[in-house]
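Beneath this line is the structure, given in structure tokens, with notes to follow.
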Amino acid sequence: MSLASRAALRTTSALGRRSVSRSTRTVRSVTRCDATGPVCVVTGASRGIGAAIALKLGESGARVVVNYAASEGPANAVCEQIKAAGGDAIAVKANVANPEEVDALFKATMDKFGEVNVLVNNAGITRDTLMMRMKLQQWQEVIDLNLTGVFLCTQAATKLMGKKKPVSGRIVNITSVVGVTGNAGQVNYSAAKAGVIGLTKTVAREYAGRNIQCNAIAPGFIASDMTAVLGEELEKKILTTIPAGRYGQPEEIAGMVKFLAMDPAAAYITGQTIHVDGGMVM
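Anchor point for the sequence shown: position 185 equals 185 in full-length UniProt numbering, and the numbering is continuous, going up by one each time.
See below:
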């Protein structure tokens, strides 16, 4: 296998997501703060990009639902950081590929905060291997969580957003540059992320007239525990594909999410996929 192929298979956490295990649902409550900002549900928010997003929104005064699948301790730590920064938060355990658990996630949100203003679909997994070796289960697990999970959460959130008077809401889907370019060893992940881009456009068209905006963010290589151990030779190879010459930071993704989710200037933006990738896709 070529160096490029090895890079594709070894760096998918940078372009993709860490593994998220399936789990039963529970709700973890924390002390109520005085935050009165929008209620933001962030899936897969216990670590990495998701945690950075939750913290950025919380620092801006949002009331944040920190969804997690397995990492209860880190999720609670994110909640405490949000509270310390002036926001409010609860951690809710749910596998977003499971319809019943998605229902429970949004019920917990309504029970605590009484409304849903923002949804950030961030949860995802990778099951990487070349297509010729990929098992059906590896394909299905990624499609179920990375695409069907986005559908389930978006459907649940828009129903609740539509009950508000006046109707309003913002949805931000975290996709990936590989949903546009493809990537060797990630046929399942690439297909799911491309599907999220299509879903984003369709939801935007269906809800634009109801003042609900839906956009996507496509990260490129983002610094993570995986990129930190790739080695100098492989890192140099990867960086040659990035015009900016560096990895992105989780906080840079979080900043774009905050803009799309909370900034009044984003109210006329919908159906767009914004690449935050150092110029990889132009």
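Where a beta carbon is used, it is the ideal one built from N, C-alpha and C, also for glycine. Given the structure is predicted, the values throughout are model-derived calculations rather than measurements.
Whose C-beta lies closer than 8 Å to the C-beta of residue 157 among residues of the same chain, with five residues either side of it excluded? Here the set comprises 41, 106, 116, 119, 169 and 171.
By Cβ distance below 8 Å, which residues in the same chain neighbour residue 199 in space, the five residues on each side in sequence not counted? Closer than 8 Å at Cβ, skipping near neighbours: 147, 150, 151, 154 and 173.
When DSSP labels each residue in this structure, what does residue 225 get in the three-state scheme? Looking at residue 225 - three-state DSSP - the assignment turns out to be helix.
Would you give the residue range spanned by the beta strand (DSSP E) that residue 197 belongs to? Bounds of any beta strand (DSSP E) do not take in residue 197; it lies within the alpha helix (DSSP H) bounded by 187-207.
With a cut-off of 8 Å, do at least 3 Cβ pairs link the segment 56-69 to the segment 84-104? Because the criterion of three Cβ pairs below 8 Å is met, the segment 56-69 and the segment 84-104 touch.
For residue 95, does the three-state DSSP call read helix, strand or coil? Residue state, collapsed to three classes: coil.
Does residue 38 pass the burial test, meaning 16 or more other C-beta atoms within 10 Å, or should it be called exposed? Per the 10 Å Cβ criterion, buried.
Proximal residues to residue 278 (C-beta, below 7 Å), its chain only, five neighbours per side dropped: Close CB contacts of residue 278 within its chain, under the 7 Å cut and outside five residues either way in sequence, are with 220, 242, 243, 244, 246 and 248 (chain order).
Length at least 3, wholly inside the segment 147-182: the beta strand (DSSP E) runs in chain order: Whole beta strand (DSSP E) segments, 3+ residues: 169-174.
Measure how close the beta-carbons of residue 280 and residue 177 come, nearest whole angstrom, since I'm counting them as under 8 Å. Indeed, because the Cβ distance is near 6 Å, the residues count as touching under 8 Å.
So, with DSSP's three-state summary, where would you put residue 128? Under the three-state reduction of DSSP output, residue 128 falls in the coil class, being neither helix nor strand.
Whole-angstrom distance between residue 36 and residue 124, CA atom to CA atom: If you take the alpha carbons of residue 124 and residue 36, they lie about 29 Å apart.
Option in 252, 113 and 203 with minimal Cα separation from residue 49: Out of 252, 113 and 203, the CA that lies nearest to the CA of residue 49 is found in 252.
Please check the pair residue 143 and residue 175, which I expect to be a contact at CB under 8 Å, by giving their CB distance rounded to whole angstroms. Wrong, their Cβ atoms sit about 14 Å apart, outside the cutoff.
Residue 70 - DSSP class collapsed to helix/strand/coil: Here residue 70 sits in coil by DSSP.
Please name the residue, chosen from 189, 202, 266 and 95, that lies closest to residue 70 on a Cα-to-Cα basis. With distances taken between Cα atoms, residue 70 lies closest to 95.
Cβ-Cβ separation, residue 215 to residue 272 (assumed contact under 8 Å), whole Å: Sure, about 5 Å apart at Cβ, within 8 Å.
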